[in-house]
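Position in the sequence shown (first residue = 1) + 13 = my numbering. Note that CB positions come from ideal geometry on N, CA and C, so glycine has one too. Notes follow the structure.
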Amino acid sequence: MKKIFVTFMIALFAHSITTAQDYLEIVTFEGSSGINGTFTTVGVSSDKKAVETNAVKSLFHTLLFTGVEGVNDGERIVCNENPIYTNSFFNSSARYAGYLISCEETAKPKKIAGAYQGTYRVTLRLVSLINDVRKNTGYDDKLKEEKKKKENEKRLTPKPKIIVVPFKRDGENYKSILENDRDLRAAVSEVQKGFENLDIETENILSSIGGSSKRRALYEENADAADSNDKQLLMSSDADVYVVVDLEKNISASGSSVSVIMTAYETATDNIWATENSWTNKFRTTDVGQLCAYAVRDFLPPFLEQIIKNFNEPTSAVIQFSVSNSSGAGMRDRCNNGRRISDVIQEWLDDNAHDGEYHVQGIVDESAIFDDVLIPKADKRGKKMNADKFASLLSDALYEVGVETRFVIEGNNIIITITSVE
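Laid out in structure tokens, this is it:
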């Protein structure tokens, strides 16, 4: 019985080698005409009369399982394995014949290394072939799976909070511009509504100005410091990004158009994250608000994609540890789990820094400085991450091993003091 099994496996292996060698898969796509496609393909066979059939089957084998540049983005047509279906192209069922329009010999078969090779120009019902193969190898299921994956990624991708403000010159302030420039106010409003329609949390600039007596006093009592006041307003708004909107108008009897110019800045650093300049077509209206709505509808989605992409890039932070005099401990002392404090910190950063990326400037008994720690934009649940939350999680991890800490945040500088060790 064992001898029979071994003989069978050897025969099967030999057959698979022969099958793989039967198809040279030397195929070139010459072009398409409507729903048909033309290819050059090479066939091989020990029987001169079978070279043409082999060339045609080689074309189908290449399209189905390997891919041909210029067709289906160079990818194979088969999505998921379905041998019962795909084998029918190459066995006695000859499914390929239903898609074959013509086959012309371009180079007569010549004997090379004991076998005949010939080149043929073949025209297929290409669109029908692609649709049929996709239908029978799970293409629709693949699309559904990819769509679901993209939706999950989109759902888990943290989104910034945005505040939209008007463009202003030196000495101006947001409040006076919005009160006196009706058209620019309409542009700001349409951009904000556009973000909200794209499921982005926003903060209204006028509501922020009038939201507290402290802010009102800031504007009323310090009119000469408009620029710094507006910057303080943005910093206190809790918005991750502020978008500056400017407006250009071309209003005439023959038709009107507007350009909404948008620039997105990271609130904490003033770094530019995205820009967009959107001219509308001409419309027979003088309603600037409606024209702004047209501009926002067409140009806001790609502008937002730029913002989200930058928002989800990791940020660099400096983490500085020091040991208080009253703690009686050092960075090399052991925690209640038997590990040294410095080792616990680095192991936590290995797991929680973006891609485990951080740089140690130095560690001594009294202090440790990590001068370049990449903080991810989201935690493992997809929730928004920042320096304060990152420091809090690190502090909690140290507490679990008996190390008490307190910390302060200055921008992206995290200062942690070890107060006691169990």
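Asked	Found
Quick one: using the 10 Å Cβ neighbour count with 16 as the cut-off for buried, is residue 419 buried or exposed?	exposed
If you compare alpha carbons, which of 140, 425 and 87 is closest to residue 383?	425
Just list the beta strand (DSSP E) runs in the region 46 to 104, keeping only unbroken ones of 3 residues or longer that don't cross its boundaries, in chain order.	49 to 58
I need the straight-line Cα distance from residue 399 to residue 387, nearest angstrom please.	11 Å
Assign residue 118 to one of three DSSP states: helix, strand, or coil.	strand
Taking the alpha carbon of residue 404 as the reference point, which residue from 265, 428, 385 and 393 has its own alpha carbon closest?	428
Spell out a yes or no on whether the region 272 to 280 and the region 308 to 323 are touching, meaning 3 or more CB-CB pairs, one atom from each, closer than 8 Å.	yes
The alpha helix (DSSP H) that contains residue 356, what's its start and end?	354 to 365
Suppose the cutoff is 6 Å on Cβ atoms and the five residues either side in sequence are ignored; what does the same chain contact list for residue 132 look like?	55, 119 and 120
What's the call for residue 431, buried or exposed, on a 16-neighbour Cβ count within 10 Å?	buried
Answer yes or no: do residue 93 and residue 150 have a C-beta to C-beta separation smaller than 8 Å?	yes
From the DSSP secondary-structure annotation, give me the bridge partner or partners of residue 290.	274
For residue 72, which residues of its own chain have a beta-carbon under 6 Å away from its beta-carbon, when the five flanking residues on both sides are left out?	40, 52, 54 and 135
Would you report the Cα separation of residue 188 and residue 196, rounded to the nearest angstrom?	14 Å
Closer than 7 Å by C-beta to residue 5: which residues in its own chain qualify, once you throw out the five before and the five after it? Chain order, please.	Residue 5 lies beyond the residue range present for the chain, which begins at 14 and ends at 435; the question has no answer from this structure.
Using CA coordinates, which residue listed in 374, 392, 394 and 391 is at the minimum distance from residue 385?	374
In chain order, what are the residue ranges of uninterrupted alpha helix (DSSP H) at least 4 long that sit wholly in the region 398 to 432?	400 to 413
By DSSP, does residue 173 sit in helix, in strand, or in coil?	coil
Bridge partners of residue 205, per DSSP?	Answer is none; residue 205 lacks a bridge partner.
Taking the straight line between their C-alpha atoms, what separation do you get for residue 7 and residue 161?	Since the first residue shown for the chain is 14 and the last is 435, residue 7 is missing from the structure and cannot be characterised.
Taking all protein chains shown into account, decide if residue 285 is buried (16 or more other Cβ within 10 angstroms of its Cβ) or exposed.	exposed
Which of the three DSSP states is assigned to residue 262 in this structure?	strand
Look at the alpha carbon of residue 57 and the alpha carbon of residue 47, and state the distance between them as a whole number of angstroms.	30 Å
Where does residue 297 sit, in a helix, a strand or coil, going by DSSP?	coil
Quick check on the burial criterion: 16 or more other C-beta atoms within 10 angstroms. Buried or exposed for residue 60?	exposed
Taking DSSP as the reference, what is the three-state secondary structure of residue 146?	helix
Can you grab the Cα-Cα spacing for the pair residue 154 / residue 267, in whole Å?	51 Å
Using only CA atoms, which one of 117, 125, 414 and 270 lies nearest to residue 351?	414
At the level of alpha carbons, what is the spacing between residue 201 and residue 252?	16 Å
For a test of the three-state rule: what should DSSP assign to residue 396, helix, strand or coil?	coil
Which two residues bound the contiguous beta strand (DSSP E) that contains residue 385?	380 to 388
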